[in-house]
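Its first residue numbered 637, the sequence shown is counted upward by one per residue in the numbering used here.
Just so it is clear, CB atoms sit at the ideal spot from N, CA and C, and this is done for glycine as well.
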Amino acid sequence: MDEPSLRGLIQRILLSVFVVALFAGSGGFYLLLRDRAMRQAEQEARILLGSAIAIRDYTNGHVVPLLTQLPAGSFHEESVPSYAAQTIFRSVTGMASAYTYREPALNPTSLNDSATPFDVDLIRRFRDDRALSEISGVYDTGTQKLFYLARPINIADAQCLACHSEPARAPAAMLAKYGRDHGFGWTLGETIGVQLLTVPMTQELSGTLELVGLLAGGLLLIFVICYFALTFSLETMVVRPLRLLTRAADAASHARGGDLPMPTTGVGEFHQLADAIERMRVSMTKALAALNHGKGEGDAAP
Ligand code: HEC
637 MDEPSLRGLI QRILLSVFVV ALFAGSGGFY LLLRDRAMRQ AEQEARILLG
687 SAIAIRDYTN GHVVPLLTQL PAGSFHEESV PSYAAQTIFR SVTGMASAYT
737 YREPALNPTS LNDSATPFDV DLIRRFRDDR ALSEISGVYD TGTQKLFYLA
787 RPINIADAQC LACHSEPARA PAAMLAKYGR DHGFGWTLGE TIGVQLLTVP
837 MTQELSGTLE LVGLLAGGLL LIFVICYFAL TFSLETMVVR PLRLLTRAAD
887 AASHARGGDL PMPTTGVGEF HQLADAIERM RVSMTKALAA LNHGKGEGDA
937 AP
């Protein structure tokens with residue numbers, strides 16, 4: 637097996653550090669930014685859902701009481717909380733399409749409020765788990781990603797049943813407009829639909845990817861610079877001087893090499909080593925000379 641060269645060793649260490657740093661750094665950064673984008677979207681969705689609820693409350697508290705002054709049996713959809721909230725938010729959606737507010741129901745009064753398969757799934761989850769008060773997440777429409785926040789609509793007030801229990805109890809004008817086939821038969825305590833609010837996420841998520849790309853690019857640049865700086869200084873300060881010293885030491889072991897160049901660059905330790913090798917060469921030369929001299933005298937003796 638080949639022993640790794642110093643240069644190869646450094647290359648391998650740098651490369652492994654780089655790969656680990658790139659994956660851990662970019663991955664961690666991505667998760668952090670994604671989490672932040674999610675929290676921001678959630679905050680935005682919560683504020684907007686709060687305003688939808690405020691519109692509902694306003695209609696209930698301020699508009700419905702006025703109806704009592706109108707002739708009995710008259711009906712204006714403007715007095716329906718769901719109508720007010722959804723109509724106002726349709727204007728918001730008109731300005732920015734990813735911001736939507738809907739009140740889909742399994743058995744809706746207005747067919748505009750029919751539940752999509754996605755809505756049905758949400759409503760079923762709320763119906764199955766009465767303790768569940770909220771569901772949120774990211775929804776991919778195919779063209780964009782939306783953050784959604786959903787809350788159940790429970791029939792908590794018997795007043796709702798005036799228009800949603802049996803057609804016979806509902807105002808005639810309402811039946812004329814919405815028909816008598818749907819939006820009835822709701823019962824007290826039942827979860828009949830959801831409040832569903834969406835805010836855009838596509839931009840936030842692609843912004844996150846852009847930032848992660850920038851970070852990865854920055855890391856790559858730093859590592860390329862480190863790689864060249866380290867291999868260059870390693871070559872001039874360690875590898876080359878070491879090669880000269882090896883040659884000098886090899887020559888010295890044969891008591892030769894007085895004319896071999898000694899490294900002039902390199903870390904301080906090499907200068908001490910060069911001195912030591914020079915001393916060794918000198919002693920070795922002297923010792924060998926003495927030995928040869930002794931041998932010559934011995935040979936000359938009778
Ligand atoms: C005066 C009659 C009336 C009353 C009272 C009433 N609603 Fe409605 N509701 C309607 C009408 C009409 C619509 C359809 C509005 C539209 O065109 O968007 C509707 C729509 C809804 C919707 C949207 C889904 C759908 O069916 O189209 C929900 C949810 C809803 N009502 C819940 C309630 C709740 C909860 C109460 C009690 C707090 C209540 N309603 C009281 C008439 C009424």
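Residue pairing by DSSP places K781 opposite D776 in a beta bridge. G773 and D793 have their C-alpha atoms spaced approximately 29 Å apart. Set against 8 Å, the gap from the CB of T838 to the closest heavy atom of the ligand HEC is not smaller. L851: member of the alpha helix (DSSP H) spanning T838 to L870, first to last residue. Contact fails between the segment 818–835 and the segment 843–861, because fewer than three Cβ pairs, one in each stretch, are under 8 Å apart. About 6 Å separates the Cβ atoms of P744 and H818, confirming a contact at the 8 Å cut-off. Sixteen is the threshold: since fewer than 16 other Cβ atoms of the shown chains lie within 10 Å of the Cβ of M731, the residue is exposed. DSSP places R738 inside the beta strand (DSSP E), whose first and last residues are T736 to R738. Assignment of beta-bridge partners to G829 by DSSP yields A741 and I789. Bounds of the alpha helix (DSSP H) holding Q676 are L642 to Y694.
Between C796 and the set L645, L758, N696 and I649, the nearest pair of CA atoms involves N696. Distances between the C-beta of S746 and the heavy atoms of the ligand HEC include at least one below 8 Å. Distance from the CA of D671 to the CA of M837, rounded to the nearest whole angstrom, comes to 12 Å.
By the neighbour-count definition (other C-beta atoms within 10 Å, threshold 16), H929 is an exposed residue. By the Cβ neighbour-count rule, I858 is exposed, with fewer than 16 other Cβ atoms within 10 Å of its own. Counting along the chain, the unbroken alpha helix (DSSP H) around S718 starts and ends at P717 to M731. Under the three-state reduction of DSSP, S769 is assigned to coil, being neither helix nor strand.
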